[in-house]
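**Q** My questions all concern the structure below.
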Amino acid sequence: MFENTDKIIDIKNLIIYSEPFSYDASFQNEFLAGGTITGIISGLDSNKNFKIFSGDVVTPTGFTLSEFESVDRKSSKITINAPGNIEVHDLFRLETVFYTNFGKINRSFNTACIPASPYTTNLSLLDLFQ
């Protein structure tokens, strides 16, 4: 509905329809202690690119979105920093939000902190014979 008062246009209701954009978003289910979590958002429509304008890690606190590719493309790599005070083998449920040129993406995923080295013990055959 338009009102025209002294050549001023006021738009009361504006609804824009478009075809939905198909995408997939995936993140690591494990990350190294002291490391980062990486993920990717990929467009599934072969003839369409997309752009991420901004994003955030909603929960848990301490995790921060550190990097994403913000140019028109078919896929965008995402990097999330983990806080430094977490314990190895802790499990987390992250909730993220990304604002793109085709709308808002909410993505939740589970991930676990794993040790930088899978083996953290020092065993020797000499230990068996003492």
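Residue numbering for the sequence shown follows the numbering used here, starting at 0 and increasing by one per position. By construction, the Cβ of each residue, glycine as well, lies at the ideal position given by its N, Cα and C atoms. The structure presented is a predicted model; accordingly, all values stated were derived computationally and were not measured.
#1: Hey, would you say Gly-54 sits closer than 9 Å to Phe-67, going by beta carbons?
#2: Nearest CA to the CA of Ser-75: which residue from Ile-113, Tyr-16, Tyr-98?
#3: Which term fits Val-87, buried or exposed, when burial requires 16 or more other beta carbons within 10 angstroms of its beta carbon?
#4: Assuming contact is defined by CB atoms lying nearer than 9 Å, are Leu-90 and Asn-109 in contact in what I supplied?
#5: Report buried or exposed for Ala-115, applying the criterion of at least 16 other Cβ atoms within 10 angstroms of its Cβ.
#6: Using the beta-carbon count (16 or more within 10 Å), is Gly-83 buried or exposed?
#7: Around the C-beta of Ala-135, are 16 or more other C-beta atoms found within 10 angstroms, so that it is buried, or is it exposed?
#8: If you follow the beta strand (DSSP E) that Val-56 is in, where does it begin and where does it stop?
#9: Does any heavy atom of the ligand GDP sit closer than 8 Å to the C-beta of Lys-47?
#10: Return the bridge partner residues of Ser-75 from the DSSP annotation.
#11: Contact check, Ala-81 vs Phe-49 under 8 Å by CB: the rounded distance?
#12: Name, in chain order, the residues that DSSP records as bridge partners for Ala-24.
#13: Would you report the Cα separation of Tyr-22 and Arg-72, rounded to the nearest angstrom?
**A** In this structure, then:
#1: yes
#2: Tyr-98
#3: exposed
#4: yes
#5: exposed
#6: exposed
#7: This structure cannot speak to residue 135, because the chain is shown only from 0 to 129.
#8: 51-58
#9: Among the ligands in the structure shown, none appear at all, so the ligand GDP cannot be discussed.
#10: Ile-40
#11: At roughly 26 Å, the Cβ-Cβ gap does not stay under 8 Å, so Ala-81 and Phe-49 are not in contact.
#12: Ile-40
#13: 12 Å
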